[in-house]
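Chemist: Would you mind keeping the following structure in view while I ask a few things?
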Amino acid sequence: MISKKIVDTINAQINEELFSSYLYLSMAAYFENMSLTGFANWMRIQAQEEQFHAMKFFDYLIERGGEVELLAIEKPENKWDSILIAFEETLKHEEHITERINNLVSIAFDEKDYAAQNFLQWYVDEQVEEEAAASQILEQLRFLGENKHGLLMLDREFRTRVFTPPVTA
Ligand code: OFO
564 MISKKIVDTI NAQINEELFS SYLYLSMAAY FENMSLTGFA NWMRIQAQEE
614 QFHAMKFFDY LIERGGEVEL LAIEKPENKW DSILIAFEET LKHEEHITER
664 INNLVSIAFD EKDYAAQNFL QWYVDEQVEE EAAASQILEQ LRFLGENKHG
714 LLMLDREFRT RVFTPPVTA
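Take 564 as the starting number for the sequence shown in the numbering used here and just add one per residue.
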């Protein structure tokens, strides 16, 4: 039996993941408006990954007999001062999501819900990848600075990113 506390926290996390998707979709639109179609593509794929994260929680709640409750999704920003600032926000946001996942793991421990602890491990590992990806791009952007040629090369590279559903246990 899944506890009410875990059900409520997972419902809140579904909302966080859907907001993440919304935020990255908004960043995709921002990059499209700058004609940076590669950066826009990177963000579109990121938005799809976040949908996947939300749906994995959604399916898990149903499997455990918990009640899914979809909450209102906050409006994301739609403008950033630069590519660099958008990626700084991306990393900051992922660090926030990692904190939320860690909090969920602590609750699963407190509730002695071993199944949930096991399930959440996938997200713990996924967050390591999420932070590493954002951090790597941020470092590349800092290295390039105002080098427009370099930025366009990066944009071209990001056009090739495709959505591959993450491997799940
Ligand atoms: Fe769902 O990991 Fe990003 O936010």
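Idealized CB from N, CA, C, for every residue including glycine.
1) Mind the definition here: the stretch 659 to 670 touches the stretch 640 to 651 only if three or more C-beta pairs lie below 8 angstroms; say whether that holds.
2) I'd like to know if the stretch 572 to 579 and the stretch 630 to 637 are in contact, where contact means that at least 3 CB-CB pairs between them fall below 8 angstroms.
3) Just the Cα atoms here: how many angstroms apart are residue 726 and residue 621?
4) Determine the burial state of residue 688: buried for a count of at least 16 other Cβ atoms within 10 Å of its Cβ, exposed for fewer.
5) State the CB to CB distance for the pair residue 660 and residue 583, rounded to an integer number of angstroms; the pair is presumed to be in contact (CB under 8 angstroms).
6) Check whether the Cβ atoms of residue 604 and residue 722 lie closer than 9 angstroms to each other.
7) If we count the other Cβ atoms within 10 Å of its Cβ and call it buried at 16 or more, is residue 617 buried or exposed?
8) Do residue 613 and ligand 1 come close, with the Cβ less than 8 angstroms from some heavy atom?
9) Comparing C-alpha positions only, which one of 657, 630 and 619 sits nearest to residue 696?
10) For ligand 1, is there any heavy atom lying closer than 8 angstroms to the beta carbon of residue 660?
11) With a threshold of 8 angstroms, establish whether the CB of residue 647 neighbours any heavy atom of ligand 2.
12) Just the Cα atoms here: how many angstroms apart are residue 595 and residue 574?
13) Relative to ligand 1, is the shortest distance from any of its heavy atoms to the C-beta of residue 693 smaller than 8 angstroms?
14) What number of angstroms, rounded off, separates the C-alpha of residue 678 from the C-alpha of residue 608?
15) Relative to the C-alpha of residue 686, which candidate in 708, 613 and 714 has its C-alpha closest?
Modeler: The short version:
1) Too few Cβ pairs lie closer than 8 angstroms, so no.
2) Short answer: they touch.
3) Translated into the one-based positions of the sequence shown, residue 726 becomes position 163. Translated into the one-based positions of the sequence shown, residue 621 becomes position 58. Each residue's Cα considered, the two are about 20 angstroms apart.
4) To locate residue 688, count along the sequence shown from 1; it is residue 125. Taking all protein chains in view, the Cβ of residue 688 is surrounded by fewer than 16 other Cβ atoms within 10 Å, so the residue is classified as exposed.
5) By 1-based counting over the sequence shown, the position of residue 660 is 97. By 1-based counting over the sequence shown, the position of residue 583 is 20. That pair is a contact at about 6 angstroms.
6) Here residue 604 refers to the residue found at position 41 when the sequence shown is read from its first residue. Here residue 722 refers to the residue found at position 159 when the sequence shown is read from its first residue. Contact flag set, yes.
7) Here residue 617 is taken as the residue at index 54 of the sequence shown, counted from 1. By the neighbour-count rule (16 or more Cβ atoms within 10 Å), residue 617 is buried.
8) To locate residue 613, count along the sequence shown from 1; it is residue 50. Remark: the C-beta of residue 613 is in contact range of ligand 1, defined as less than 8 angstroms to any heavy atom.
9) Start at 1 with the first residue of the sequence shown, and residue 696 comes out as number 133. Looking at the Cα atoms, 657 is the closest of the given residues.
10) Sequence index remark: in the sequence shown, residue 660 carries index 97 (1-based). Set against 8 angstroms, the gap from the CB of residue 660 to the closest heavy atom of ligand 1 is smaller.
11) This structure lacks ligand 2; the ligands present are ligand 1.
12) Translated into positions along the sequence shown, residue 595 becomes position 32. Translated into positions along the sequence shown, residue 574 becomes position 11. Taking the straight line from one Cα to the other gives about 32 angstroms.
13) Start at 1 with the first residue of the sequence shown, and residue 693 comes out as number 130. A heavy atom of ligand 1 is found nearer than 8 angstroms to the CB of residue 693.
14) In the sequence shown, counting from the first residue as 1, residue 678 sits at position 115. In the sequence shown, counting from the first residue as 1, residue 608 sits at position 45. Rounded to whole angstroms, residue 678 to residue 608 spans 30 angstroms at the Cα level.
15) Taking the first residue of the sequence shown as 1, we reach residue 686 at position 123. Among 708, 613 and 714, the Cα nearest to that of residue 686 belongs to 613.
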